[in-house]
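Residue numbers (my numbering), protein chains in the order written: chain P, 2 to 748; chain U, 26 to 292; chain H, 100 to 260.
This report concerns only the one structure given below.
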Amino acid sequence: MSEVTVSRPPVRGGVGESVQRPDGIPKVTGRFEFLGDMHAEGMLWGATRRAWVPHARIERIDTTPALALPGVHAVLTQDDVPGHRYQGQALTDQPVLAEERVRYWGEAVAVVAADDPETARRAAEAVVVELEELEPLTDLELARDRGEVFRHIPVRRGDPDAHGEVVVEGTYVTATQDPAALGTEAGLAIPDGQGGVDLWGPTQWTHVDLTQLAACLALDPGQVRVQPCRIGGAFGSREDLSLQTHIAMLALRLDRPVKMVYDRTESFVGHVKRHAGLMHYRHEADRDGHLVRVDAQILLDGGPYQLTSQAVIANSTFFAVGPYRCDNVFVDGYALRTNNPPSGAMRGFGANQPCFAAEAQMDRLADELGLDPIELRLRNAITQGDRLATTGQLIEHPLPTDEVIRSVTAIPLPEPEDDDEPLHLPGGTGLTTPRDRVVRGIGYAVGLKNLEFSEGFDDFAEARVELTADGAVVHTAAIEVGQGMVTVIAQVVRSVLGMSRVEVAFDHTGQIGSAGSTSASRQTQMAGNAALEAATVVRDKALEAGGGDHLDDAGVWRGDTLVTSLAALTADGPIDHHVRYRHRPTDEPDADGQGELHVDFCVAAHRAVVDVDPDLGLVRVVEIAIGQDVGRAINPQQVHGQIEGGIAQGMGHAVMEEVVLDHGVIRNASFTDYLLPTTLDAPTVEAALVEQPSPWGPFGAKGMAELPTMSATPAVVAAIRAATSLPLTRAPVHPEDIVTGPHDAPE
Amino acid sequence: MQIERPRDLDELLAGLDSHPEATLLAGGTDLMVDVNLSHHRPETVVALRRVDDLATWDDGFIGAGVTYARMEAGPHPALAQLARTVGSPQIRATGTIGGNLGTASPAGDTLPFLAAVDAEVVVASRGDRRRLRWEDFLLGPKHTALRPGEVIVGVQLPERLPQRQAFAKIGVRQAMVIATVNCCVVRDEDGKTRIALGAVGPTVVRTPAAEELVSSQQQVSATMLDEFQRLVSDDVTPITDHRATERYRRHAAGVLARRTLERCLPR
Amino acid sequence: MIVTLEVNGERRTAEVAGWESLLWVLRERLGLTGAKDACQQGECGSCSVIFDGQLVCACLVMAADAEGAQVTTVEGLADATDLHPVQRAYVDEGAVQCGYCTPGLVVATAHLLTEHPDATPDEVREALAGNLCRCTGYGSVLRAVAAAQGASDPAGADREA
Ligand SMILES: Cc1cc2nc3c(=O)[nH]c(=O)nc-3n(C[C@H](O)[C@H](O)[C@H](O)COP(=O)(O)OP(=O)(O)OC[C@H]3O[C@@H](n4cnc5c(N)ncnc54)[C@H](O)[C@@H]3O)c2cc1C
Ligand code: FES
Ligand code: FES
Numbered sequence: 002m003s004e005v006t007v008s009r010p011p012v013r014g015g016v017g018e019s020v021q022r023p024d025g026i027p028k029v030t031g032r033f034e035f036l037g038d039m040h041a042e043g044m045l046w047g048a049t050r051r052a053w054v055p056h057a058r059i060e061r062i063d064t065t066p067a068l069a070l071p072g073v074h075a076v077l078t079q080d081d082v083p084g085h086r087y088q089g090q091a092l093t094d095q096p097v098l099a100e101e102r103v104r105y106w107g108e109a110v111a112v113v114a115a116d117d118p119e120t121a122r123r124a125a126e127a128v129v130v131e132l133e134e135l136e137p138l139t140d141l142e143l144a145r146d147r148g149e150v151f152r153h154i155p156v157r158r159g160d161p162d163a164h165g166e167v168v169v170e171g172t173y174v175t176a177t178q179d180p181a182a183l184g185t186e187a188g189l190a191i192p193d194g195q196g197g198v199d200l201w202g203p204t205q206w207t208h209v210d211l212t213q214l215a216a217c218l219a220l221d222p223g224q225v226r227v228q229p230c231r232i233g234g235a236f237g238s239r240e241d242l243s244l245q246t247h248i249a250m251l252a253l254r255l256d257r258p259v260k261m262v263y264d265r266t267e268s269f270v271g272h273v274k275r276h277a278g279l280m281h282y283r284h285e286a287d288r289d290g291h292l293v294r295v296d297a298q299i300l301l302d303g304g305p306y307q308l309t310s311q312a313v314i315a316n317s318t319f320f321a322v323g324p325y326r327c328d329n330v331f332v333d334g335y336a337l338r339t340n341n342p343p344s345g346a347m348r349g350f351g352a353n354q355p356c357f358a359a360e361a362q363m364d365r366l367a368d369e370l371g372l373d374p375i376e377l378r379l380r381n382a383i384t385q386g387d388r389l390a391t392t393g394q395l396i397e398h399p400l401p402t403d404e405v406i407r408s409v410t411a412i413p414l415p416e417p418e419d420d421d422e423p424l425h426l427p428g429g430t431g432l433t434t435p436r437d438r439v440v441r442g443i444g445y446a447v448g449l450k451n452l453e454f455s456e457g458f459d460d461f462a463e464a465r466v467e468l469t470a471d472g473a474v475v476h477t478a479a480i481e482v483g484q485g486m487v488t489v490i491a492q493v494v495r496s497v498l499g500m501s502r503v504e505v506a507f508d509h510t511g512q513i514g515s516a517g518s519t520s521a522s523r524q525t526q527m528a529g530n531a532a533l534e535a536a537t538v539v540r541d542k543a544l545e546a547g548g549g550d551h552l553d554d555a556g557v558w559r560g561d562t563l564v565t566s567l568a569a570l571t572a573d574g575p576i577d578h579h580v581r582y583r584h585r586p587t588d589e590p591d592a593d594g595q596g597e598l599h600v601d602f603c604v605a606a607h608r609a610v611v612d613v614d615p616d617l618g619l620v621r622v623v624e625i626a627i628g629q630d631v632g633r634a635i636n637p638q639q640v641h642g643q644i645e646g647g648i649a650q651g652m653g654h655a656v657m658e659e660v661v662l663d664h665g666v667i668r669n670a671s672f673t674d675y676l677l678p679t680t681l682d683a684p685t686v687e688a689a690l691v692e693q694p695s696p697w698g699p700f701g702a703k704g705m706a707e708l709p710t711m712s713a714t715p716a717v718v719a720a721i722r723a724a725t726s727l728p729l730t731r732a733p734v735h736p737e738d739i740v741t742g743p744h745d746a747p748e
Numbered sequence: 026m027q028i029e030r031p032r033d034l035d036e037l038l039a040g041l042d043s044h045p046e047a048t049l050l051a052g053g054t055d056l057m058v059d060v061n062l063s064h065h066r067p068e069t070v071v072a073l074r075r076v077d078d079l080a081t082w083d084d085g086f087i088g089a090g091v092t093y094a095r096m097e098a099g100p101h102p103a104l105a106q107l108a109r110t111v112g113s114p115q116i117r118a119t120g121t122i123g124g125n126l127g128t129a130s131p132a133g134d135t136l137p138f139l140a141a142v143d144a145e146v147v148v149a150s151r152g153d154r155r156r157l158r159w160e161d162f163l164l165g166p167k168h169t170a171l172r173p174g175e176v177i178v179g180v181q182l183p184e185r186l187p188q189r190q191a192f193a194k195i196g197v198r199q200a201m202v203i204a205t206v207n208c209c210v211v212r213d214e215d216g217k218t219r220i221a222l223g224a225v226g227p228t229v230v231r232t233p234a235a236e237e238l239v240s241s242q243q244q245v246s247a248t249m250l251d252e253f254q255r256l257v258s259d260d261v262t263p264i265t266d267h268r269a270t271e272r273y274r275r276h277a278a279g280v281l282a283r284r285t286l287e288r289c290l291p292r
Numbered sequence: 100m101i102v103t104l105e106v107n108g109e110r111r112t113a114e115v116a117g118w119e120s121l122l123w124v125l126r127e128r129l130g131l132t133g134a135k136d137a138c139q140q141g142e143c144g145s146c147s148v149i150f151d152g153q154l155v156c157a158c159l160v161m162a163a164d165a166e167g168a169q170v171t172t173v174e175g176l177a178d179a180t181d182l183h184p185v186q187r188a189y190v191d192e193g194a195v196q197c198g199y200c201t202p203g204l205v206v207a208t209a210h211l212l213t214e215h216p217d218a219t220p221d222e223v224r225e226a227l228a229g230n231l232c233r234c235t236g237y238g239s240v241l242r243a244v245a246a247a248q249g250a251s252d253p254a255g256a257d258r259e260a
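Take a look at the structure:
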């Protein structure tokens, strides 16, 4: 596809330009209507009754006291689900509302609809829920031993008897991270009066919601229109259903619109999180630092329902070694069932946890060998022509591991600081730390990840391009969550058509087929390619009909002559074309986890510079530099925006972001205690983009927004290790880990 | 819900007299979180922000309605330092010293200052006015000596405050964070030193043994600082919670106390 | 109870439950959904408005206590034809992704630049520490503030391609 030629002269707003978002002005003026801002005539408000225990048997639910309150219209429980009673993307194992048991803290037990939110909340409280508490299963090794396994993936590659002279071994933990998108879950369901419903809810893939919703509501898919929504961020947390089924059930039961909005605490239990990981690694290398063998066991905490855990653990397993060559690899990845909060997708999708562990191992190995950590990585860096260490897949296309590492090291280091401005010191405004107590550390990490869905999944994206007298419109069901796909698609189509008047229309599920998920770094390539193919056909049709050789906003041209205006060209109706784009097929893994499982790959290297106060364990992340493989930057400003935002999330998970779990109970379900980086915490970012066009992306582009998060976490922790000489095997690093030992360490 | 919005102290006290159980509302930065997230639904509210008398700041008397924004720009270095650490500019624009006392959180940031300077809390009800030493006012976590019908009018600082005073606070963010440990030290010209710490006990604490050690000394040696640090660590009674472990708080209290003291010593 | 206040220069009256927040009243009673609700606990700043000349979190203002106040929301920044310079700068610098934090940040920035037009990059960072953004990592936000100040890049937040 990349051989499509860009029409001349370069079109305004095309590929390579930092085009502004069409929704920028509505967003800065407050006019942009987010889910929570929506309103429908005569709407009721929904609220959810939750059980605040991690594991219990439900003895009795009595809705009558709630129903007796004035202003309450309906109270529904699992018994009221009209159709299939379970949801989930792959395995439908999550009851719409708790059934027989409560399996995680905050699980929804009943939903109510009332005239106003206050009444709805009181009614939810009034539902009687009698529980017999049970022991929660929250320990990963115990879960594995008890066989509470969603999926186990073995990787057996190479010679089991191969060994290296130099061995490093370690156990690593990554805590649960919350995506913490700023917009909480909100939704509106409007019955259509004919038994169907229109639904606006937090989503990253309307068609996968549709399948689940139609089944649960016992409706034909055509009767449910899942609308493209306007949400305040996602990062994976909208891949699974939250309140959609609940409000649709209420709306259909009452034949009235129902709106629901989660508050921040509910949001913490209402969306999926990044899996906590427990990883044991053993790396073996020869004296020159070439990896000879890697053994790993990776345990991920899936929470009680499968959701996307089977795919998340696949990423953990297949990217267990990172961007390095190694011929003998033995990995066991387990996604486990527990009574911790449900885990699912979050930026990096399972590749982050092993990246944290494996990169720490690389540093240990470098240490053991007396090699520079950069040198060790360069010696093992995977590139085109190599095989992926885990699956044995041949890397057929550009993979600039070496280049991203070299480009990040080429960025000059920040100057040492010697001032006393507290904002430049660990502890910030708290005035905790004099300059002479500060130790600087520098750390590196490199990340590798797949693009698109893998393992034989039939992954496709539809798009329709329509050319009228007013220009072109690209129709797609792809979801814009803030990441900027809206501009990317338009830019691709502009460059293909040679026209600047291109808009993107986000269609609901009744108007166009699936675009697949806004996840897995896939939409730039998937929705982008679908739009590119459709636009190419539209352009060719237009040129043929007009008898010209190129197109622009005026019409069809032959050389310097305008032969047909757009209006004349489309007088008999729009020229349009619909495409269902599929990426190249991939294999399912064989019994040893081998095969051509992935479409394409992407790498990034981070360098973190931190200042640490070793006596108090406080850390200031000074700067993060990144060398990133982007294929081709379609919109450089947005690429930088994704890099900076992704890095802030990755660094947050290195030093502050942790869902604190105590036997299944979240102890910090609020923004007072689940801390996100502020303007004063976010580091300065320096980025170098490596552009080696991918054959799979439009104009050579790669999806790129996950890697900035992935290897930022291990790079920051590596920098703290460098400053403190401590092993620090857990993310995030808390002050106590630096000065007194962690929570569970013996006194 | 019923609300009164008095404009002066008399009106306020009269209102409180008729509604002794009313909920007092100052900047709302604690109260509204309770209302929004814990669904606290007060029946009667008396709003304080229009009461000019509460907003006075007269040398040693700081009205209950004085906001962090004003403290940041005020004459007492430690008070200004602590005010800068409280929440965000939005919080500092409205949050008040009276509200911090009213909430009496073990981590409240004004409290170490008030304890270190031996401030008195001035409370009034219709026809009555009491001055309570800080430790007689702060009785425990979120528990004060305030009686129904009473309002905090302000705090009275001692006549002369040493300029050698410093505040420090540990949190894992560079700003916008509740203290894991906070600390205030004041030191007179003659060496008399007072230190108070928060978030390391049920309420703000002083550590008399550590104070005594350094109070008699004009010159404080490194060994003495070590000992000072150890005494503070020994004297505090922190707990483990989701923010930090007992062990870390104990250690950090010592380090922080020492460093804060160092800032009060001549260089 | 009835509360009367001036919002964006207009006198507005609303029937409210007294304990409701100003944020709720703006959004649900007065139809001004520009200010966002992301935490209701003063931690995120999405609900920032200017209240009697001060930048506050509207979620922490009790509606009943807002009687008589003058409030400016994000809807009141731009005039009918032109964006406020801060709004323009946010769009130009790509400081808007999902946009949920944007109204609060734009109001906070506008307030800062009124009070403190020459704020240094450090002062800007400190002044905006109460406005969380989960998408941008703040680099573009700081560039937008600098652009609105008419200056070039803030310290270190420059980028290279
Ligand atoms: C985002 C955020 C960050 C915060 N950060 C910090 C921080 O860093 N450090 C810190 O210490 N606190 C912090 N707080 C808590 C809060 O801001 C402070 O405790 C503040 O001082 C409360 O003052 P207020 O005027 O807003 O009190 P309000 O919320 O109005 O009142 C608090 C309590 O005190 C009572 N009260 C108020 N005034 C009086 C009076 N005059 N007489 C008797 N009782 C009274 C009220 O009835 C209520 O019980 C934070 C809060 C938020 C929302
Ligand atoms: S909603 Fe008001 S600060 Fe978050
Ligand atoms: S742009 Fe999404 S939270 Fe800031």
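Just so you know, even glycine gets a beta-carbon here, dropped at the ideal spot from N, CA and C.
* **Three-state secondary structure (DSSP) of G278/P** => Correct three-state label for G278/P: strand.
* Within 8 angstroms of chain P by C-beta, residues of the segment 109-129 of chain H in sequence order -> A116, R126
* To do: Report yes or no: do three or more beta-carbon pairs, one from the segment 195-203 of chain H and one from the segment 225-242 of chain H, lie closer than 8 angstroms?
  => yes
* Asked: Helix or strand or just coil, what does DSSP make of V29/P?
  -> helix
* **4-residue-minimum alpha helix (DSSP H) runs that sit fully inside the segment 110-188 of chain U, ordered along the chain** => 114-119, 122-128, 136-141, 159-162
* Take the Cβ of A254/H as the centre, count every other Cβ of all protein chains shown within 10 Å, and call the residue buried at 16 or more, exposed below. => In this prediction, A254/H scores a pLDDT of 45, lower than 50, which makes its location untrustworthy; the coordinate-derived value is nonetheless stated afterwards. It is exposed - the Cβ of A254/H has fewer than 16 other Cβ atoms within 10 Å.
* Asked: According to DSSP, which residues form a beta bridge with A245/H?
  -> For A245/H, which the question treats as bridged, DSSP gives no partner whatsoever.
* How long is the line joining the alpha carbons of E214/U and L186/U, rounded to whole angstroms? -> 10 angstroms
* Smallest Cα separation from A286/P: which of L279/P, G278/P, D296/P? -> D296/P
* Given a threshold of 16 other Cβ atoms within 10 Å of its Cβ, counted over all protein chains shown, does A746/P qualify as buried or as exposed? -> Confidence in A746/P is poor, its pLDDT being 44 and thus under 50, which makes the residue's placement unreliable; the coordinate value appears in the next sentence. Exposed, since its Cβ has fewer than 16 Cβ neighbours within 10 Å.
* Taking C-beta to C-beta, are R58/P and A109/P nearer than 7 angstroms? -> no
* When the Cβ atoms of the segment 151-160 of chain P are set against those of the segment 300-312 of chain P, are three or more pairs found closer than 8 angstroms? -> The segment 151-160 of chain P vs the segment 300-312 of chain P: in contact.
* Within the present structure, is the beta-carbon of Y675/P separated from the nearest heavy atom of ligand 3 by less than 6 angstroms? -> no
* chain H beta carbons: is any one of them nearer than 7 angstroms to that of R265/P? -> yes
* Alpha carbon of R158/U to alpha carbon of T121/U, nearest angstrom -> Distance between the alpha carbons of R158/U and T121/U: 19 angstroms.
* I think C146/H touches L122/H, with their Cβ atoms under 8 angstroms apart; what is that distance to the nearest whole Å? -> 5 angstroms
* Whole angstroms is fine: what's the gap from R407/P's alpha carbon to L211/P's? => 45 angstroms
* Any beta-carbon of chain H closer than 7 angstroms to the one on M44/P? -> no
* **Proximity winner among N107/H, L241/H, A162/H, C143/H, relative to S120/H (alpha-carbon distances)** => A162/H
* Asked: Heavy atom of ligand 1 less than 6 angstroms from the Cβ of L300/P, yes or no?
  -> no
* Asked: Are there 16 or more other CB atoms within 10 angstroms of the CB of D460/P, so buried, or fewer, so exposed?
  -> buried
* **Alpha-carbon to alpha-carbon, T207/P and P222/P** => 12 angstroms
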